[in-house]
Structures are given as C-alpha cells and as structure tokens.
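A.B. asks:
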Amino acid sequence: MNATSARGLDMRRNTAINYDARGTYATDLFTAEATRLIRTHNTTDPLFLVLTHLAPHTGNEDDPMQAPEDEIAKFTHIKDPKRRTLAAMISRIDVSVGLVYDTLRERKMLDNTIILFYADNGAPTVGIHANGGSNYPLRGDQWTALRSGITNLESIRSIVMNNLEDTCHFSSYVKHGWKYVNGTCADGKYDSWLGDMVQPDHDEVQLSDEDYYKQLTVPGSIGATLKVSREQAEKLRHEATLKCSPHSPEDIPCNPLVAPCLFNLHEDPCERNNQAAKHPILLATLQAEVLYYRLRSAKPRNQPADSRSDPAQFNYTWTWWLDELEGRKTAADIAVASLVAELVVVLFAVCLAVKLCWLTLLVIISDKDTILSRWSHWALNRATDLVTEYVATAAIGSGVRGVAHQQPANQTVQSAANHSPVRIADRAPSSDPPGVFQCECGGCGQQIPRGVQLKLTDDLEYGNVFCKRTSQRADTMERIVAIVTIVTVLIPWATLAEPNGPERPHIVFIMADDMGLYDVGFHGSNQIPTPNIDALAYDGIILNRHYSAPMCTPSRAALMTGRHPMNVGMQHYVIDSDEPWGLGLEEKLLPQYFREAGYRTHLVGKWHLGFYAEPYLPTNRGFDTHIGYLGPYIDYWSYISKMNSATFEGYDLRQNLAVNYEPNGTYATDYFTEAAVDIIRSHNRTGERMLLVLNHLAPHTGNDDAPLQAPQETIDKFAYIRDTDRRTYAAMMSKLDDSVGQVYQALQQHGMLENSIIVFISDNGGVTRGMHSNTGSNYPLRGQKHSPWEGAVRTAALIWSPLLKDRQRVSNQWFHISDWLPTLASAAGIPAYRGNDLTDIDGIDQWEALAYGTGNPRQRVMNNLDEIFGYTSYMDNGLKYVNGTTLDGVNDGWYGAIDDTDTLPLEAQYLRTVMASHVGRLTKLDEKVVSYLRQHARIDCGNEIGNRACNPLVRPCLFDIINDPCEMHDLSGRYPDQVRQIQERIEKYRLRAAKPRNRPHDPAADPSKFGGVWNWWRSDPSRAHLTAHAIPPPSHSLPKDTQLIVIIPIVVGCVIFVIGTLIYLSNKNVIKLCRRRTKQSSATMPSEIPTTSETTSSGDSRAGVGVAGAGGKPNPTDAVFSSKIYVISDRDMDR
1 MNATSARGLD MRRNTAINYD ARGTYATDLF TAEATRLIRT HNTTDPLFLV LTHLAPHTGN
61 EDDPMQAPED EIAKFTHIKD PKRRTLAAMI SRIDVSVGLV YDTLRERKML DNTIILFYAD
121 NGAPTVGIHA NGGSNYPLRG DQWTALRSGI TNLESIRSIV MNNLEDTCHF SSYVKHGWKY
181 VNGTCADGKY DSWLGDMVQP DHDEVQLSDE DYYKQLTVPG SIGATLKVSR EQAEKLRHEA
241 TLKCSPHSPE DIPCNPLVAP CLFNLHEDPC ERNNQAAKHP ILLATLQAEV LYYRLRSAKP
301 RNQPADSRSD PAQFNYTWTW WLDELEGRKT AADIAVASLV AELVVVLFAV CLAVKLCWLT
361 LLVIISDKDT ILSRWSHWAL NRATDLVTEY VATAAIGSGV RGVAHQQPAN QTVQSAANHS
421 PVRIADRAPS SDPPGVFQCE CGGCGQQIPR GVQLKLTDDL EYGNVFCKRT SQRADTMERI
481 VAIVTIVTVL IPWATLAEPN GPERPHIVFI MADDMGLYDV GFHGSNQIPT PNIDALAYDG
541 IILNRHYSAP MCTPSRAALM TGRHPMNVGM QHYVIDSDEP WGLGLEEKLL PQYFREAGYR
601 THLVGKWHLG FYAEPYLPTN RGFDTHIGYL GPYIDYWSYI SKMNSATFEG YDLRQNLAVN
661 YEPNGTYATD YFTEAAVDII RSHNRTGERM LLVLNHLAPH TGNDDAPLQA PQETIDKFAY
721 IRDTDRRTYA AMMSKLDDSV GQVYQALQQH GMLENSIIVF ISDNGGVTRG MHSNTGSNYP
781 LRGQKHSPWE GAVRTAALIW SPLLKDRQRV SNQWFHISDW LPTLASAAGI PAYRGNDLTD
841 IDGIDQWEAL AYGTGNPRQR VMNNLDEIFG YTSYMDNGLK YVNGTTLDGV NDGWYGAIDD
901 TDTLPLEAQY LRTVMASHVG RLTKLDEKVV SYLRQHARID CGNEIGNRAC NPLVRPCLFD
961 IINDPCEMHD LSGRYPDQVR QIQERIEKYR LRAAKPRNRP HDPAADPSKF GGVWNWWRSD
1021 PSRAHLTAHA IPPPSHSLPK DTQLIVIIPI VVGCVIFVIG TLIYLSNKNV IKLCRRRTKQ
1081 SSATMPSEIP TTSETTSSGD SRAGVGVAGA GGKPNPTDAV FSSKIYVISD RDMDR
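Just so we're aligned: 872 in UniProt numbering is position 872 of the sequence shown, and the numbers increase by one with no gaps anywhere.
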C-alpha cells in the first residue's frame, strides 16, 4: 500500500490463502480458473461467472508494468517501453477472452450464453497508477468527472449519474445527451486531452488494415469461428470509432473549479465547447436534479487507514482484522435521513399538484411565453440561491450528516459571483438562528457587509457551504416560492424545450400504396430505378425492419392514432366506399396533435379511414386542408372509383369538402405532387410550421377494367422488362420517384429543407398476384399483402433529415408504423407528447434512437390479430409467431422473383442514375457509401429450401426472423416453451382488443344519388359529443372580467396549502425528531441544535442495526434460483 508501505500476499481460493498461485502470471491464472469452472460445470444448471482481470491496471509502484517477455517481444514496433508493456498486458487479456469462448463452445454452452466484456473506468494516462493507457480523443482520465473517466461502453440510458464525489468535490451527471460537470480532482491536472500523449511516433511501424483483418480472422480465433467478413468488421469498426471535431477558436473553455460546465455529448463528445452560458435554464435544472441526488445519497463509507491491518501481523498476508462491523448508523441517523428524503418527495408531489394552478394563471392572465421568460429569469437568479440555502440550512440545523456536504472551517472555495477565493469564517455559536452567514473575500482582504448572502449560483454542490452565521434569516415565503418555481416552472418547461433549436421542424410524410419491398433500388434490385428515393435513403436512415399492418385501412389507422389497429377496431379488412363505418371519432389523430402545437396540417391524396358521415372527413379530423380522394382507389386519369362489391361507381376527388373537378385528365401522381409543391410554396411565404402527409395512389391499381396506368412515354423507358404489366408498374414507380425528387427540391428551393424531416414508407407489402394485383415484388420475403407473412408486413421505409445526427446508415431496429406518431411528436418537441394525451397509445418514441443511433427501444411487434379471418402475426425479441392465415393459404408462398431473361441496368449505371437525380445532386453522395449501404440493406435468404415446413392452418409456426427472414424454418417444435409464452402474451392483446367496427354495404351510398360523386350519405348523431378533438378548444373559456376573480382564489388556496404542508412537516417532524435524538445523545445539551463535536461523538458510538430477514430463516428465492455464482478477482473494486 502506498500510504503505509505495508506489503502482503493477497490471493485467495474462497477464504483460504492460495500460495500455489505464486509465479503464475495473474491474467493466465484467472483465465485457467475460469476455464476450469466452465469445464467442470454441470451444463443442466445455469452458470453466472464473473471474471475480473487485474490487467491492464498497474502492479506495485516498484514494478508497475508487468507482462511475460515473450508477449512483450511481439510489440517491438512500439518504441515507448511502458506503452509496449501495456500492449502485451492487453494482448494477454485478449487471449483470455478467446480461451473462455473456446471452452464454452467445447462444452456446447455457447449457443445459450451471454458474454459481456467491459472496462471498469477510463485509463490513467498520467499520475498515480499511470499505465500509459489512452482514452483518446476523450477528455480527462480515470480520476476526472470528464468523459474518459466514465466512458467504457455506450448505453441507451438517457439519464446517467456518473458520480457525486465529496472527497474531490465534483459531480458528473448526464441527461438526454447533456452533461453537467461541477468541480474536479487534483486541481484539474487531469482535465485536458491526455490521449494524444500516447499517440505513436510517425516513424513507428503501424499495423495495416490488411494485417488487422488477418489477425481478426486467424484460424482458431473467435473471428474465424464466427466467420466475420471484412466488410462487417470495417463497418462496425468505423461505427465504433469516436469522432471529435478539432479545436476551434469559437469553443468556449470550461474550468469546473470556477463554474459548472455543460456539454452536448451528441455533438461534442470530447467536451470542448462549454454550453453553460447558452442554456442557463437547462443548467439550473440539472443543478437542481444533482442536488436531489445529493439529498438521497448515503454517507461515503471511506475510513482512514488502520494500522491494525498490517499484513506483518498475519504472516504477511492481507486478511480481515476486525471481528465486528464498525461505523454502523444509529436508528436515529436512519430515521432523520429517511424523513428528510420523505420531505423532499412530498415537496415534489405537492409542487406537481400546484403546477396546474401556476400554469393556469400564466396562460389565462397573460401571454404564456412572456410570463415564462420573466419567471425563468427571476427563478434563475433567486431560486438557485434560495433552494440551496434552504436545504443546506435545514441540514445544518437538524444535524443530518451525509445529506449536505459541509466544508471545514477556513477552507477556500471558488465563487462565480466574483471569481475570487472566499475564505469561510468559523461557524457562529449554535444559539444563532440558521440563515445567512458572514463572508470574507480572501482575494481583496475585505469583508462582505454583514447580512449579505454570498451568491453561489454557479454551483449547487458548493451551495451548502456558508460563511459566518448572522442573526438574519431569509424570508420563509420567498424560499418556498423559489422551490415551487424551480420545480413547477424550470423543470417542466426545460424538459419541454425543443430539442433541435428554437424552431420546430417541418414534417413531410410520404406514403406509397401497395409498394413491394423489392421495388425500390436501395434494397438491391436494378429492375426499377428509383434514384430519388434511393438517394434520400442513402443520405438518411434505411429502416430495414419497418413493420405495418398487412392491409391499407389497418395500417393507416395505426399511423394516425399511434395505436394497434385491433385496439381501435380497425383490424379487419379495409373500408369499401359504400360501407358505413370509419376510424372512431373518439380517437385523437396525428394531425390534431400537431395542429394544437401551431402546425398547419395538410393531407394530399388518399384518406381511406371512412367518410360515410361528415364528421369522419379528414378536415374534421385535424387536417387544415385536404386535396385527394376519400375511398380506397381511383382511376389515375378520370378519378372515378368503381367498387367490386357492387355496381356503384362515382367521381372521388375533393378539395377540402368541395368536389374538385379541375385535375380531371391529369395523371394522379403528377397532380398530387403539384398540390404538395404548392403547399410547400405557400408555407415559405407564411413561415408557419408544416405537417404535410402525401398519401400517393401509386402504385396501387386503379379500377379493375384498367388496373395499371402510367404515361406512355414513361412506360417506354422500361422496354427491357418483358412482362407488360410489370413494365407499366415500373413506370408507375418511376413517376412516384419523380414526385419524391420534386418535393425534396421544392423544400430546398424555398429554404425549408434544413429544418425538415422527410419520411417515406409503404402502407403494406406489394400484391404480386390475386385481387388488385399490381405485380409488386416483396422478393425474397414470404407472402404478400393481406397475409400474416413478412411480404405483407415488412415494408420499405426511410427517414431523412439534417436533424439526424447519425445518418447514412442501415438501421435494424424494430419499428412499427404506430411508432411514427410519438416519434415525430418528440422530434417536433410537441408539449402534448409530455402530458397525458399519449399515455394510452401503443407506439414508442424512437426519435432519440433514430437521431443518435442509441439502440433499439422496441422488442415486440404486433402486426395484426384478426379473429374474423382467424390469424395472428406477432414478433417477440426476434421470434415471429404466425397462427392461421388468410384465403386458406393461397398467398403463403414466395413470389416476385425477377425474370432472368430481362436485361437489367448494370451496377455502374445504377450508381450514375442515383448521383444524377434531384436528391443525389443535392446530397452529394459518395459512391462507395452508396454501394456499402445498398449491400447491407439487401435481404438475402440464400437458395436453401426450408426443411421444416409449417402450415399455420394446422398449428402455430415460430421463426427466428433475424436469421430466417424468409420464414423457411419452423422452430415451434424445438421451442415449445417460447411458443407457450408468446401465446400467453397474445391472449393479453386479444382481451384488450376492440370489437371490429366493420359494417355491411349500404345501398344508400350509391353515387348516382349524389350527381355521380362519392359523398357522405348519413348524418351522425354522435357528432356533437365526439368532435372535441376536431378543433382545438379556445385558450380562454372565461370572460376577461371574470378570469382573475376565478383564478386568484385558486392560486392563493394552492399556495396556502403548500406553505402549511411544508411548515407542518419541517417544524413538527424534523425538529421534533432532531430534539429526540439530541436528548438521547446528551441530556445536558443546552440547545436543540447539536454542535460539531457532539455530532461526531454520537456517530462514533453507533449501534448496529439488524437486517430485515435475518434470524437464520432461508430466503424462499434461494430454493427457486439454482445458479452457481463464482467471482474471480485479484482485488476489490478499483478506486
């Protein structure tokens, strides 16, 4: 030990000293023990093995860096001897991982094993225990609150308390990508970017990429066993490489010893640009949350060195030297700490209850934003000071230890108020009331006038350090109001702040109809060029596991509501134009959320969610405008819709509620594109936020007498396609691609592109055969539209936006069409998303995962549960369950393979087409990136024929959908337990499902009764009760002359309630409990407030507290869980 110079053997097998380990390299010793445990383990029992290596931590200071000489000799190209030894130490760990892996494989345990490898903290590049490790390019090292001291593996958690350390007086806290740092260790000597100190010299021989890959896949290695391809390795290595922008003169430096720092880790992972001055409200919010963590934290368990532990007294071995635990808390300590924590919880609960009163007053009396800005400014200057003083004073007054840190007398700290040292004077006698302290300016030698509080707005961690006490006490009401304000105003509104700047983004949502997965080029097909769609995908994110319902109406209902179709009664089939039903008016739809947030909402193209009564029309469901058709499909030129179920036919094109005859004769895709461009042009003039939903007809078929339609000049471009129907379909897709390019170009020309989100999806899979067949290809997936298979529910999808920080990638995260509502609402920073309006939706907010590539929030996907057709399609953690099918299984095969006789464009021609498109020219894509992404977006099932066929009409099927995306190999017989568990979950879905809303055909819908136009034909008596969400309610429901009369009593009552609660709890409970504790420790104490010495003495004589559940009775969980747990470690947790 460095502190005592004590030396002793520290190696055990269980509790016995292990002398046999001497002479064996520690890494090899621990590896041998781990592999022995695996070899001798009964494979029928679960195994939990923790292998905690010593390496690459240093050894003793007289010989810190140690490795076998033969291992060091492998790294002669590294000139720095310390760095060379470090490389050998890490290499030995790598060998250890390989041996453990091989042993698991030999015992046939590997397929059911989870292996986790990580580092406990960053490397100490310099200083004590320095091993020459590099955290480059991160800032700091092991001892700091900065990122390299705390980062080892990326996490999908959005809130992380790295540490709140009272020895060095620093805190490090991350929330939603923002990192708060206050204070540091060792006077900041480790706070720079130390990694470049260990970068290799220019004349050192570096391992080439070719050699690296050869070593990765050397025979017998893990890479060779897993058959890791070079492309996979390069992709993952590239994604795992941390990239930091170079130092810029515009970067704002950070000195956490002077003032707290704030960093945006998503944009600035190397912590170079301090954002504290730009985001003061966010800074104050994080400060308050760190203070809340401090209130809940336990007292550090650290104790000074004990000479009784000297190994010389125990035959020079490190062993335990105390018979009983010391330093336990007394019952009074625990009670006081618990009560203080409860007071904080009660305070937060009360403030949340009062929140409605405050916000109602703000909204009704005056403009919300103006009031908010004034209150935020006041709160930032007063609430931070007063909350800090209030909590710290309560802690000092009650004698609670470990709740608020107290600096020793005469200690020097930094104050941001004057940026000069402040020497803390001795505490005043305990008879003085708690409150403001007398401070002395150490830099200027002058005293701050008595009664003036030192402003510590820069650092809540130092906020509980006060100067000499005075007899004055801050007004109680002001303190309470400050606490209420920082909780009810700063925290809620800071969390509602828009994530991407002051302006919400424009959102353009483009949906194709019945488009096959294989009908876009970015999934690997050269048959139909879609260069604009592809360029958008390559420059954005390809959603490779995007799922929807298997038919049109259910999928559109899920998009609009954020709910599963079966939960809104829309799970069965589609709405024919002569059927009197639609999406329930009690449902709040996507455009309603956005319109309430100030967006102008537009629908162009298809509606298909019901129009039998006027309340069901899109302009009564949240859209400000609608240009398009109401039913399932129309003729591309005449806009006539003919229903197969009857002889009805009629014109179906509207502009809002009026019939729109203007485009008759214009190709539908072109007309809808022109309408969308006009909307974009008008928004450029108004400056309003825009939600544009462009639901194309293409490539859905038209009427049965002319199902596939496109301009002849476009059809002629695809003469190389022999099938005439497929050729026309290609032309329809080409016009759809042109539309995407024109919309993108319009956004760019009108200055809206840089603040836009563009989504492109298909509502379901293509229809290769059967009714409404458009020859769409879902190849190589199984099935097609209107089936439970992947060809119906796994759809082509992409998202593009400059707001996405991690673009040009293929995402394999599970994404359901119902996720778009909460995801886009989150991206737009809509306040309704934070409230209760979305609590009952099924969709998951995936914006953060998309924007930053942080993980996979969704693990289960309910494609559909239709009890009328009798089928279920459901996925759970990579396993897909299919039970039943449609149309007696006639569409359960594999369809849509490309005709081998077609002479398709070559790869080079495809790349040139993508680069020359509207989107390709503006995005300036790299051909290598395009080729790479295209290859990884391709779905390859191989030529293997399924050897475990499944008929879901006979029994349920189970597929490993990750490794068997084409659903060829049924695993239900192999994994009956998983089938049973999934069936139990599906039963819960079924019990929640709503009754299908379907209604039979109604002859009253005949368009001939309405002048040959499809029109609503029923009046809905429930309209008055169910259109509450159609139009946002007025902001002021009371006359102005009565608003104050009603609101002021409410606010006054809430304030009185808060004051009474706080006074009652604090004065009666805390002080009473402290008085009881004081009397127990000293009967002659003249004051209720214990002095420092008394508190210390009472703490030294604490009694042990029994542990609940003791007494020798066995824990019932021990009988259930039979895992054998081993811990192999050289030491306790590293400091």
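Using N, Cα and C, we set each Cβ at its ideal position, and we do this for glycine too.
1) Go through its chain and collect everything with a Cβ distance to D534's Cβ below 6 Å, but skip five positions before and after it.
2) Taking the beta carbon of W320 as the centre, do at least 16 other beta carbons fall within 10 Å, making it buried, or is it exposed?
3) Any contact between the region 751-760 and the region 666-685? By contact I mean 3 or more CB pairs, one from each, below 8 Å.
4) Do you know whose CA, among K880, I898, T903, T923, lies nearest R980's CA?
5) For the candidate residues G770, L958, A796, L798, whose alpha-carbon lies nearest to that of H786?
6) On the three-state DSSP scale, how would you describe Y651?
7) Note down, one range per segment and in chain order, each alpha helix (DSSP H) of at least 4 residues found wholly within the region 662-686.
8) Residues in the same chain with beta-carbon distance under 8 Å from N18, minus the five sequence neighbours each way, listed in chain order, please.
9) Look up P408 in the DSSP assignment and say whether it is helix, strand or coil.
10) From which residue to which residue does the alpha helix (DSSP H) around D111 run?
11) L958: which of T923, S873, E927 sits nearest, CA to CA?
12) Identify every residue that forms a DSSP beta bridge with D866.
13) Would you kindly check if the distance between the Cβ of D704 and the Cβ of N764 is under 8 Å?
14) Thinking C-beta only, is Y612 closer than 8 Å to P580?
15) Rounded to a whole number of angstroms, what is the C-alpha to C-alpha distance between P280 and M560?
16) Going along the chain, which residues of its own chain have a beta-carbon closer than 6 Å to the beta-carbon of R997, five neighbours each way excluded?
17) Assuming V743 is part of the alpha helix (DSSP H), what are its boundary residues?
18) Where does I575 fall in DSSP's three states?
19) Report the rounded CA-to-CA distance for A916 versus A851, giving the unit in angstroms.
20) Can you tell me which residues form a DSSP beta bridge with N695?
21) Exposed or buried, what is V747 when buried is set at 16 or more other beta-carbons lying within 10 Å of its beta-carbon?
22) For a quick check, are the C-beta atoms of R794 and L517 less than 8 Å apart?
23) Within its chain, find whatever has a CB closer than 6 Å to the CB of T31; leave out the 5 residues flanking it on each side and keep chain order.
24) Measuring CB to CB, does G776 end up less than 8 Å from D519?
25) Hey, how far is the Cα of T666 from the Cα of L911?
26) For L589, which residues of its own chain have a beta-carbon under 7 Å away from its beta-carbon, when the five flanking residues on both sides are left out?
27) Please identify the residue among K214, H266, D187 whose C-alpha is closest to the C-alpha of L257.
28) Would you mind reading off the limits of the alpha helix (DSSP H) that contains A537?
29) List the residues that DSSP assigns as beta-bridge partners of T317.
30) By the DSSP assignment, the alpha helix (DSSP H) with R934 in it spans what residues?
31) Please work out which residues of its chain come closer than 7 Å, Cβ to Cβ, to L216, disregarding the five sequence neighbours upstream and downstream, and give them in chain order.
32) Could you tell me the distance, in whole angstroms, from the CA atom of R36 to the CA atom of P249?
33) How is the beta strand (DSSP E) around residue 1136 delimited, first residue to last?
34) Hey, out of A557, S773, L991, N112, whose CA is closest to L708's CA?
35) Kindly indicate which three-state DSSP category R921 falls into: helix, strand or coil?
36) Quick one: any contact between the region 38-45 and the region 68-77, if contact means 3 or more CB pairs under 8 Å?
C.D. replies: Taking the definition as stated:
1) Position 534 of the sequence shown holds residue 534. Result list for D534: G521, F522, V914, in chain order.
2) In the sequence shown, counting from the first residue as 1, residue 320 sits at position 320. Answer is exposed; the Cβ neighbour count stays below 16.
3) yes
4) In the sequence shown, the residue the question calls residue 980 occupies position 980. Here the closest residue by C-alpha is K880.
5) Reading the sequence shown from its first residue, position 786 is the one you call residue 786. The shortest Cα separation from H786 among G770, L958, A796, L798 belongs to G770.
6) To locate residue 651, count along the sequence shown from 1; it is residue 651. Residue state, collapsed to three classes: strand.
7) 668-686
8) The count along the sequence shown starts at 1 and reaches residue 18 at position 18. Here the set comprises M11, R12.
9) Counting from 1 along the sequence shown, the entry for residue 408 is found at position 408. Bear in mind that a pLDDT of 36 at P408, under 50, signals an unreliable position, so the number given afterwards is only what the model happens to contain. Looking at P408 - three-state DSSP - the assignment turns out to be coil, as it is neither helix nor strand.
10) Along the sequence shown, one-based indexing puts residue 111 at 111. No alpha helix (DSSP H) contains D111, which DSSP labels as neither H nor E.
11) What you label residue 958 is simply residue 958 of the sequence shown in a count that begins at 1. For L958, the nearest C-alpha among the options comes from S873.
12) In the sequence shown, the residue the question calls residue 866 occupies position 866. Y871.
13) For the purposes of this step, residue 764 is taken as the residue at position 764 of the sequence shown. For the purposes of this step, residue 704 is taken as the residue at position 704 of the sequence shown. Going by C-beta atoms, N764 is not nearer than 8 Å to D704.
14) To locate residue 580, count along the sequence shown from 1; it is residue 580. To locate residue 612, count along the sequence shown from 1; it is residue 612. In this structure, Y612 lies closer than 8 Å to P580 by Cβ.
15) For the purposes of this step, residue 280 is taken as the residue at position 280 of the sequence shown. For the purposes of this step, residue 560 is taken as the residue at position 560 of the sequence shown. So the two alpha carbons sit approximately 37 Å from each other.
16) As a first step, residue 997 must be located in the sequence shown, where it is residue number 997. Only G569, W581 meet the Cβ criterion.
17) Here residue 743 corresponds to residue number 743 of the sequence shown, with the count starting at 1. Residues 724-749.
18) Taking the sequence shown and counting its residues from 1, one reaches residue 575 at position 575. Reduced to three states, the DSSP call for I575 is coil.
19) Counting from 1 along the sequence shown, the entry for residue 916 is found at position 916. Counting from 1 along the sequence shown, the entry for residue 851 is found at position 851. Rounded to the nearest angstrom, the two C-alpha atoms are 27 Å apart.
20) Position 695 of the sequence shown, counted from the start, is the residue given in the question as residue 695. Answer is M511, G605.
21) As a position in the sequence shown, residue 747 is number 747, starting the count at 1. Looking at the sequence shown, residue 747 is not Val but Leu. Buried: at least 16 other Cβ atoms inside 10 Å.
22) Numbered from its first residue, the sequence shown carries residue 794 at position 794. Numbered from its first residue, the sequence shown carries residue 517 at position 517. Contact: yes.
23) If you number the sequence shown from 1, residue 31 lands on position 31. Once the five neighbours on either side are set aside, the close Cβ partners of T31 are S96, L99.
24) Translated into the one-based positions of the sequence shown, residue 776 becomes position 776. Translated into the one-based positions of the sequence shown, residue 519 becomes position 519. Result yes, Cβ atoms of G776 and D519 sit closer than 8 Å.
25) As a working note, residue 666 is residue 666 in the sequence shown. As a working note, residue 911 is residue 911 in the sequence shown. One C-alpha to the other measures close to 32 Å.
26) Taking the first residue of the sequence shown as position 1, residue 589 is located at position 589. So the qualifying residues of the chain are M560, T561, R621, G622.
27) Counting from 1 along the sequence shown, the entry for residue 257 is found at position 257. It is D187 whose Cα lies nearest to the Cα of L257.
28) In the sequence shown, the residue the question calls residue 537 occupies position 537. Taken as a continuous stretch (DSSP letters only), the alpha helix (DSSP H) holding A537 covers 531-539.
29) Within the sequence shown, the letter at position 317 stands for residue 317. Partner(s): L9.
30) Position 934 of the sequence shown, counted from the start, is the residue given in the question as residue 934. Where R934 is concerned, the enclosing alpha helix (DSSP H) stretches over 927-937.
31) In the sequence shown, residue 216 corresponds to position 216, counting from 1. Closer than 7 Å at Cβ, skipping near neighbours: G223, V228, A233.
32) Position 36 of the sequence shown, counting from 1, holds the residue named residue 36. Position 249 of the sequence shown, counting from 1, holds the residue named residue 249. The alpha-carbon atoms of R36 and P249 are separated by roughly 57 Å.
33) This structure cannot speak to residue 1136, because the chain is shown only from 1 to 1135.
34) Here residue 708 refers to the residue found at position 708 when the sequence shown is read from its first residue. The shortest Cα separation from L708 among A557, S773, L991, N112 belongs to S773.
35) Counting from 1 along the sequence shown, the entry for residue 921 is found at position 921. In the structure shown, R921 sits in a helix (DSSP, three-state: H, G or I).
36) no
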